[in-house]
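To keep things clear, I will list the structure first and then write my remarks on it.
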DNA sequence: TGCCCGCATTAACCCATGTTATTGACCGCG
DNA sequence: CGCGGTCAATAACATGGGTTAATGCGGGCA
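Residue numbers (the numbering used here), protein chains in the order written: chain A, 2 to 254; chain B, 2 to 254.
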């Protein structure tokens, strides 16, 4: 769980959900993971609104969040970036960023230039295709978040966010059994769920009281994932994990 | 406003926000607009969850919505499709649809096959680039909706939705001065804003009472757009309309 | 090692929005 | 031309989640 030893495999592992990569694809992928590494502390900004797009970011370890502000300071996290996630491969089409990306925990990323990206994908159409799949999944997640924010109750919403994060971490190989690191604060969870920190605290306690989650030492334990999914009205369809007849493993490898 | 005479220009007009298209690009674009036309009544489904992606849809007239259900029937509209909008140019990467698309008013679309699309873009990299820009703007809108649903109050939220729709319609050339067709029901507005129809009714009346909107005969009139924008905490940055030094016209051409 | 600040918890109170129900207007279809 | 169904308006009441504030823990930095 986040020990860093197999860091360069998170992206490959995830993309192989979608397609079988050749050794050349895997090497290209590995090269991307080794682009300039950069570390951040929790709450540091990675990208700021108004910036000209400069890098594609690959998350190697820790959690980041994409967020937007209202003029009076209210803030919404509109997506999580977890290990193996890639930030906006098409970003260079835009002139400037319309949002922030910030570290939600200690964070390690690879900064990928436009040139690095083109080098990696130019002769690897399968890799490029897999990266497009990943982008489409990211926008499917974005849509699901609209459903989450617009229709689910507080309890459903928090349960749903936890299920989604857990499954995504599992796909990246960052879970052990039904446990995973849970490095983010309730404040961040509140900003992502459109609730107040006070109510997130209540809600997590309600989930714990029902035996649906256990947290200690920044580690999350989910005794019965099916039960939590039911509480969050969660189904994994929108993550499109079963593309070539593969299905979600009930355990990680 | 929706008279259909210049229907084939909505897409061209919008894309020229981003780049100057050559005559060849425009012709290709026009060809796309002329792909198999199809009409729907309000509330008919265009695409159903679980479908294999078959067409790319170009909206020619009327409004459509992308929506998702919870198992108990709660429903969220996660995006609007307005004239000139294109539905998911990359859709063929996915195996099946994870959501519905339905008509929110009488609707006219062009059904574009994978082959049609490839023909149109193969030798027109500028057109393809412009379509990618449009896709990125669509996902930027999706993020803004998360902010809308998560942080804005009911009044701000409805005002914001109205501003966004109006500006998008203006870009497509579907406004006259500060008026536009407003063919959708308060029920649809409620499903898009995560509110109840009852509260949307109250909220629209509050906006009208403040002189921010006027509606009659399915026509919307915005006496003072700046004031409405302020009420909705709306800024157009996320629509990325100013790509090559262009800016939002204060009136349509 | 100790201090300080950020985070989680808890409590009491409140209000924005949801709920349920009724009525009337309009419009498309027969 | 009239009927039925959908949509909007309104009212009375209910509640989920927000607000404010106080407390204590714990971990990172000096």
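The beta-carbon is built from N, C-alpha and C at its ideal position, and this holds for glycine as well.
- Taking 9 Å as the threshold, the shortest C-beta distance from residue 50 (chain A) to chain B falls below it.
- The beta-carbon distance between residue 160 (chain A) and residue 78 (chain A), rounded to whole angstroms, is 17 Å. This is too long to meet the 8 Å contact definition.
- Your pair residue 53 (chain A) and residue 119 (chain A) does not check out as a contact, with CB atoms roughly 18 Å apart and the cut at 8 Å.
- In the structure shown, residue 214 (chain B) adopts coil according to DSSP, grouped into three states.
- Out of B:188, B:166, B:212, the CA that lies nearest to the CA of residue 63 (chain B) is found in B:166.
- Secondary structure note for residue 82 (chain A): its beta strand (DSSP E) is the uninterrupted segment 76 to 82.
- Around the CB of residue 152 (chain A), 16 or more other CB atoms lie within 10 Å, so the residue is classed as buried.
- Close to residue 133 (chain B), with beta-carbon spacing below 8 Å, are these residues of chain A in chain order: 91, 94.
- Within the segment 140 to 153 of chain A, 140, 141, 143, 144, 145, 146, 147, 148, 149, 150, 151, 152, 153 place their CB atoms closer than 9 Å to a CB of chain B, listed in sequence order.
- In the three-state reduction of the DSSP assignment, residue 15 (chain A) falls in the helix class, which pools H, G and I.
- DSSP places residue 129 (chain A) in the uninterrupted alpha helix (DSSP H) bounded by 126 to 152.
- For residue 195 (chain B), the nearest beta carbon of chain A is closer than 9 Å to its own beta carbon.
- Along the segment 49 to 82 of chain A, the positions whose C-beta sits under 9 Å from a C-beta of chain B are 50, 51, 67, 68, 69, 70, 71, 72, 73, 75, 76, 77, 78, 79, 80, read in chain order.
- If you ignore the 5 residues before and after residue 48 (chain A), its C-beta comes within less than 7 Å of the C-beta of 98, 101, 102, all in its own chain and listed in chain order.
- Taking 8 Å as the cut-off between beta carbons, none of the residues of the segment 196 to 227 of chain A comes near chain B.
- In its chain, beyond the 5 residues on either side, no residue has a beta carbon closer than 6 Å to the beta carbon of residue 205 (chain B).
- In the three-state reduction of the DSSP assignment, residue 176 (chain B) falls in the strand class.
- Taking 9 Å as the threshold, the shortest C-beta distance from residue 190 (chain B) to chain A does not fall below it.
- In this chain, the alpha helix (DSSP H) harbouring residue 25 (chain A) covers 24 to 34.
- With its beta carbon at least 9 Å from every one in chain A, residue 41 (chain B) lies outside the interface.
- In the structure shown, residue 57 (chain B) adopts extended strand secondary structure according to DSSP, grouped into three states.
- Straight-line spacing of the CA atoms in residue 157 (chain A) and residue 181 (chain A) works out to 20 Å.
- Around the C-beta of residue 89 (chain A), 16 or more other C-beta atoms lie within 10 Å, and the residue is accordingly described as buried.
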